[in-house]
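Comments concern the structure below.
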Amino acid sequence: MRKIKRRDFIYGAGLLSASFPLFRNILNNGSILRYNSNCDPWLEINLSNIEWNVNQLRKWVRNKPIMAVIKGNAYGHGLVKVGKFLEKIKIYALAVGKLQEAIELRRNGVKCPVLNFGPFSEEDTELIIRSNISQTVYSDNVLALNKMAKKLNTQANVHINIDTGLGRVGVPHYTALSFIENVSKLDYIKIEGVFTVFTEEKNFDRIQLDRFLRICNDAKRKGISVGLRHVASSAGLLGFPESHLDMVRPGICIYGHYPSDEEYKLKKIELKPALSLKTRVSYIKKLRPGDSISYHRKFVAKKEETVVTASLGYSDGFPVNVIGKANAIIKNEKFPLIAAVTANHISIKVTGKDNIKIGDEVVLIGSQGDCRISAEELAEASDTSVYKVIIWLNPLLPRYYI
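Using numbering that gives the first Met the number 0, read the sequence shown as starting at 0 and increasing by one per residue.
Structure representation (structure tokens):
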């Protein structure tokens, strides 16, 4: 039996519709109107907005060094492209959450300082040192780095993580001074910096900062250089000026978003979101009363409705719990999402809008004309944070940099 190629099938279907009026009527005038397969979702990343945000942050911190946090695939924006762009605009350093991310940056030609916040094993030490990656330390693992650096006759660069109260990882603040002393005595280790991570509970953050500064000052009195002191993430950078110290390390602000609802309302500095999430209309359907959409008949039409399908779903990282709360923009107008978010599809009710066509752009995050949906709105609709909305976007989605 001859295999039918897709192009042959489409051509044959066209002949069939031309030859049989009834079939043509179902294709053009029945419940199935039009279909197009070239409608996969994509992301647009505005690099000019990232540069704007960096410049705004530089002004805010009076040109103190910025270590840009690009963990989580640069918060969904694309690790390598964003890392290389930040290096191009003279960012002081980059920080990542996994060694794999740091190595990926180096393999793609990023030469500026890169700090790995994440853990490492003894087997990783040679790669860390040869790749000139600065490594976070807070345990006896630092001895393995020292041993390998000695073998390679070079230095390993480290930042010491001091746990002042967050409780995840780090040297406990009450033993941190002795740890710093011991690290400073290692012949092949250079302490580039020390840092802590705030709980982002304002009153306790001040206690954490006091603990941190006390340790740094005690180390200084002992003649130990601790390098750059950094504690301010985006939240501290905007809301806790005393925490700016020698360097700041913003994450979410780099991409045009605020670290909390409070800061979003205050907007102390103007940030411009860099990411847009878009897809296209792939299907248009006329519903009669009683017709339904999606599994378990999540939406049942009570009257005649027009619904479009767009190719986007939870497999792309789109949140599932937004039905009845989130919208999409088509033709510069907002329309509600209905039925359910499935793995690869969303349904949008466009009843009364007759000029929508297959292939029309659909915006889920971003702007179209003077109509806009922010990542913050989508986060509110999904009862989560803007961090999760953008970081959860599938790394395999095409990203176009503009």
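Quick reminder that beta carbons are idealized off the backbone N, C-alpha and C, glycines included.
Discussion item. Please classify A342 as buried or exposed, where buried requires at least 16 neighbouring CB atoms within 10 angstroms.
Written reply: Within the sequence shown, the letter at position 343 stands for residue 342. Result: exposed.
Discussion item. Going by the DSSP bridge assignment, what does F194 pair with across the sheet?
Written reply: By one-based count along the sequence shown, residue 194 stands at place 195. DSSP, once it has assigned bridges, lists N160 and H229 as partnering F194.
Fill in: P249, buried or exposed, once every other Cβ within 10 Å from all chains shown has been counted against 16
Locating residue 249 in the sequence shown gives position 250, counting from the first residue. Its Cβ being crowded by 16 or more others within 10 Å, P249 is buried.
Practice prompt. Flag this pair as yes or no: are the beta carbons of W41 and L377 separated by less than 8 angstroms?
Written response: Locating residue 41 in the sequence shown gives position 42, where the first residue counts as 1. Locating residue 377 in the sequence shown gives position 378, where the first residue counts as 1. Cβ atoms of W41 and L377: not closer than 8 angstroms.
Practice prompt. State the beta-bridge partners of F211 as determined by DSSP.
Written response: Within the sequence shown, residue 211 is the residue found at index 212, counting from 1. None; F211 has no bridge partner.
Practice prompt. Identify, in the order they occur along the chain, each residue of the same chain with its Cβ nearer than 8 angstroms to the Cβ of G108, setting aside the five sequence neighbours on each side.
Written response: Translated into positions along the sequence shown, residue 108 becomes position 109. Setting aside the 5 residues that flank it on each side, G108 is surrounded in the same chain by K83, each with a C-beta closer than 8 angstroms to its C-beta; the list follows chain order.
Worksheet entry | Burial state of Y294 (16 or more Cβ within 10 Å) | Indexing the sequence shown from 1 puts residue 294 at position 295. By the 10 Å Cβ count, Y294 comes out exposed.
Practice prompt. Find out if the Cβ-Cβ distance for the pair L165, T198 is shorter than 8 angstroms.
Written response: As a position in the sequence shown, residue 165 is number 166, starting the count at 1. As a position in the sequence shown, residue 198 is number 199, starting the count at 1. Yes, these two residues count as a Cβ contact at 8 angstroms.
Fill in: Check whether F203 and V230 have beta carbons under 8 angstroms apart
The count along the sequence shown starts at 1 and reaches residue 203 at position 204. The count along the sequence shown starts at 1 and reaches residue 230 at position 231. When the beta-carbon positions are compared, F203 and V230 stay at least 8 angstroms from each other.
Worksheet item: Any idea what DSSP makes of K352, helix, strand or coil?
Response: Here residue 352 refers to the residue found at position 353 when the sequence shown is read from its first residue. Coil, per DSSP.
Worksheet item: Using DSSP with H/G/I as helix, E/B as strand and the rest coil, what is S47?
Response: Within the sequence shown, the letter at position 48 stands for residue 47. Reduced to three states, the DSSP call for S47 is helix.
Item to complete: Closer than 6 angstroms by C-beta to N27: which residues in its own chain qualify, once you throw out the five before and the five after it? Chain order, please.
Response: Here residue 27 is taken as the residue at index 28 of the sequence shown, counted from 1. Bear in mind that the predicted position of N27 carries a pLDDT of just 42, short of 50, making it unreliable; the figure below should be weighed with that in mind. Contacts found: none.
Fill in: Exposure of G469, with buried meaning 16 or more beta-carbon neighbours within 10 Å
In the structure as shown, the chain begins at 0 and stops at 401. Residue 469 is therefore absent and cannot be evaluated.
Fill in: Distance between N54 and A12 (C-alpha atoms, nearest Å)
Here residue 12 corresponds to residue number 13 of the sequence shown, with the count starting at 1. Here residue 54 corresponds to residue number 55 of the sequence shown, with the count starting at 1. With a pLDDT of 39 at A12, under the threshold of 50, the modelled position of this residue cannot be trusted, and the question is left open.
Worksheet item: Three-state secondary structure (DSSP) at V319?
Response: As a working mapping, residue 319 is identified with position 320 in the sequence shown. Here V319 carries a coil assignment [DSSP, helix/strand/coil].
Worksheet item: Can you tell me the Cα-Cα spacing of A338 and L93, whole angstroms?
Response: As a position in the sequence shown, residue 338 is number 339, starting the count at 1. As a position in the sequence shown, residue 93 is number 94, starting the count at 1. In a straight line, the C-alpha of A338 is about 42 angstroms away from that of L93.
Item to complete: From the DSSP output, in three-state form, read off S138 for me.
Response: What you label residue 138 is simply residue 139 of the sequence shown in a count that begins at 1. Shown here, S138 sits in coil according to DSSP, grouped into three states, outside any helix or strand.
Worksheet entry | Per DSSP, the bridge partner or partners of K189 | Numbered from 1 along the sequence shown, position 190 holds the residue referred to as residue 189. According to DSSP, which records beta bridges pairwise, K189 is partnered with N156.
Worksheet item: Since I372 contacts N320 with CB under 8 angstroms, what's their CB separation in whole angstroms?
Response: Here residue 372 refers to the residue found at position 373 when the sequence shown is read from its first residue. Here residue 320 refers to the residue found at position 321 when the sequence shown is read from its first residue. Not quite, the Cβ-Cβ distance comes to about 16 angstroms (not below 8 angstroms), so this is no contact.
Discussion item. Using only CA atoms, which one of Y74, I283, N393 and I253 lies nearest to I90?
Written reply: To locate residue 90, count along the sequence shown from 1; it is residue 91. Ranking Y74, I283, N393 and I253 by Cα distance to I90 puts I253 first.
Practice prompt. Inspect the beta-carbon positions of I44 and R398 and report whether they are closer than 8 angstroms.
Written response: One-based indexing of the sequence shown puts residue 44 at position 45. One-based indexing of the sequence shown puts residue 398 at position 399. Cβ distance < 8 angstroms, so I44 and R398 count as in contact.
Item to complete: Go through its chain and collect everything with a Cβ distance to I390's Cβ below 6 angstroms, but skip five positions before and after it.
Response: The residue you call residue 390 lines up with position 391 of the sequence shown. Only G71, Y74 and G75 meet the Cβ criterion.
Discussion item. Taking 8 angstroms as the threshold (C-beta atoms), are I159 and Y137 in contact?
Written reply: Taking the first residue of the sequence shown as position 1, residue 137 is located at position 138. Taking the first residue of the sequence shown as position 1, residue 159 is located at position 160. For Y137 and I159, yes; Cβs fall inside 8 angstroms.
Discussion item. Going by beta-carbon coordinates alone, are T305 and K285 separated by less than 8 angstroms?
Written reply: As a first step, residue 305 must be located in the sequence shown, where it is residue number 306. As a first step, residue 285 must be located in the sequence shown, where it is residue number 286. Cβ distance < 8 angstroms, so T305 and K285 count as in contact.
Item to complete: Measure the alpha-carbon distance for A143 versus K149 and round it to whole angstroms.
Response: Mapped onto the sequence shown, residue 143 falls at position 144. Mapped onto the sequence shown, residue 149 falls at position 150. Approximately 10 angstroms between the Cα atoms of the pair.
Practice prompt. State the Cα-Cα distance for the pair L176 and E103, rounded to the nearest angstrom.
Written response: Your numbering for residue 176 matches position 177 in the sequence shown. Your numbering for residue 103 matches position 104 in the sequence shown. One C-alpha to the other measures close to 34 angstroms.
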